[in-house]
Amino acid sequence: MSQSIAAWSDYWSDSAGAGCLSGAPPALLAELASTWRSLALTLAPGSSVLDVAAGDGAVIRAMRAVRPDLKLMGIDSAVVGPAAAAIGVRGGVHADSLPFENGRFDAVLSQFGIEYCPASAIAEAVRVAAPGATILLICHHADSVAVLHNARRAAAMVAMVEAGLLSLARRVALGGTDDAATTAKIDRACQAYRDQSIVGELPLALGRALAGRQAVAMVQAISVRALAEIDRLQAMHAAALNETAAAAVVAEFRRLGVHCTARAVLIERGSPMAWEIKGERC
327 MSQSIAAWSD YWSDSAGAGC LSGAPPALLA ELASTWRSLA LTLAPGSSVL
377 DVAAGDGAVI RAMRAVRPDL KLMGIDSAVV GPAAAAIGVR GGVHADSLPF
427 ENGRFDAVLS QFGIEYCPAS AIAEAVRVAA PGATILLICH HADSVAVLHN
477 ARRAAAMVAM VEAGLLSLAR RVALGGTDDA ATTAKIDRAC QAYRDQSIVG
527 ELPLALGRAL AGRQAVAMVQ AISVRALAEI DRLQAMHAAA LNETAAAAVV
577 AEFRRLGVHC TARAVLIERG SPMAWEIKGE RC
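Every letter in the sequence shown is one number past the one before it in our numbering, and letter 133, counting from 1, is 459.
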């Protein structure tokens with residue numbers, strides 16, 4: 327399993343069902359759910375629907391709430407949690423090699439997922455879509471508050487790791503001693519990103535772990551989680567689409583026979599949170 331897939335598997339294993347925006351404002355999550363419920367109401371009875379990079383199944387839950395007759399399925403390259411599996415999300419399935427026949431689905435969807443996948447995932451989404459099928463993607467916008475905040479949070483975490491925070495904690499947990507030079511580097515890293523709450527949260531968590539009875543195991547667990555979070559946050563920043571990238575996705579869909587448009591949606595604090603890329607398979 328790749329580092330990135332392992333990081334997402336860890337995340338989805340205890341997800342609360344809000345997709346990858348677990349800390350988003352309730353109003354934003356409600357607007358996302360409304361998008362999928364509205365789409366569900368337009369589909370013919372018994373339509374087959376595929377959610378690409380479905381994660382914890384947030385899209386499936388929203389659609390099933392208003393259309394229990396739909397045949398809803400999700401796939402994700404990561405290992406998904408039991409709750410997602412129970413509603414039809416299959417883990418370990420890659421978006422660029424879908425195990426479905428041509429034209430299988432009446433709608434192919436993705437919420438903050440397909441943009442993380444290889445570019446060939448677009449062709450696969452089109453391949454499994456039936457003629458006349460709806461394709462609707464909600465993708466991260468590069469200028470969104472969430473993307474910009476998480477890029478800064480990832481940079482803060484990287485700075486602390488490079489300064490020696492995790493390695494120092496492991497050394498102390500194993501009975502070693504602190505050293506002033508490393509502590510000074512860590513302090514400078516924290517000061518450089520003092521606007522980020524993680525510079526207080528991560529050292530505090532490690533400090534508590536070191537004071538416990540199972541210091542080595544706890545420090546290791548915190549380190550693994552921290553590195554996985556860095557991987558996810560960096561992946562989010564890399565996947566987010568600017569205007570040029572969104573136009574390129576639209577152009578690729580059109581080349582593959584999908585009448586498609588893109589528009590910025592989910593405005594938060596004056597900035598778009600996402601791109602809505604919507605089309606119909608010819």
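All residues carry an ideal CB built from backbone N, CA and C; glycine is no exception.
Bear in mind the structure is a predicted one, so any value in this text is a computation, not a measurement.
Start-to-end residues for the beta strand (DSSP E) that takes in residue i
| i | result |
| --- | --- |
| Leu398 | Lys397 to Asp402 |
| Thr587 | Val584 to Glu594 |
| Phe431 | Phe431 to Gln437 |
Cα-Cα separation between residue i and residue j, rounded to whole angstroms
| i | j | result |
| --- | --- | --- |
| Lys604 | Leu530 | 45 Å |
| Phe431 | His420 | 17 Å |
| Trp334 | Ala554 | 8 Å |
| Pro444 | Asp504 | 43 Å |
| Ala456 | Cys608 | 8 Å |
| Leu536 | Ile556 | 22 Å |
| Ala588 | Arg558 | 25 Å |
| Ala380 | Gly439 | 7 Å |
| Ala629 | Ile331 | Here the chain covers residues 327 to 608 and nothing more, so residue 629 does not appear. |
| Trp362 | Leu491 | 42 Å |
| Arg453 | Leu358 | 26 Å |
| Ser364 | Pro351 | 20 Å |
| Pro408 | Ser339 | 8 Å |
| Ala577 | Cys586 | 8 Å |
| Ala506 | Leu500 | 18 Å |
Integer Cβ distance of residue i from residue j, believed to fall under 8 Å
| i | j | result |
| --- | --- | --- |
| Ile524 | Met483 | 6 Å |
| Ile464 | Phe579 | Their Cβ separation, rounded to whole angstroms, is 15 Å, which puts Ile464 and Phe579 out of contact at 8 Å. |
| Gly400 | Gly418 | Not a contact, Cβ separation roughly 12 Å. |
| Ala600 | His466 | 6 Å |
| Leu528 | Val545 | Between Val545 and Leu528 the Cβ distance is about 11 Å, and since that is not below 8 Å, they are no contact. |
| Glu606 | Val584 | 7 Å |
Buried versus exposed, by CB contacts within 10 Å (16 or more), residue i
| i | result |
| --- | --- |
| Gly526 | exposed |
| Gly372 | exposed |
| Gln517 | exposed |
| Leu396 | buried |
| Ala543 | exposed |
| Glu450 | buried |
| Glu441 | buried |
Proximity below 7 Å, CB of residue i to CB of residue j
| i | j | result |
| --- | --- | --- |
| Asp377 | Leu435 | yes |
| Val473 | Ala566 | yes |
| Asp469 | Ser446 | no |
| Gln437 | Val385 | yes |
| Val392 | Ala433 | no |
| Gln522 | Arg479 | yes |
| Ala515 | Ala564 | no |
Endpoints, alpha helix (DSSP H) assigned at residue i
| i | result |
| --- | --- |
| Pro408 | Pro408 to Ala412 |
| Val452 | Ala447 to Arg453 |
| Ala380 | That residue, Ala380, is in no alpha helix (DSSP H); it is neither H nor E in DSSP. |
| Pro352 | Pro352 to Ala366 |
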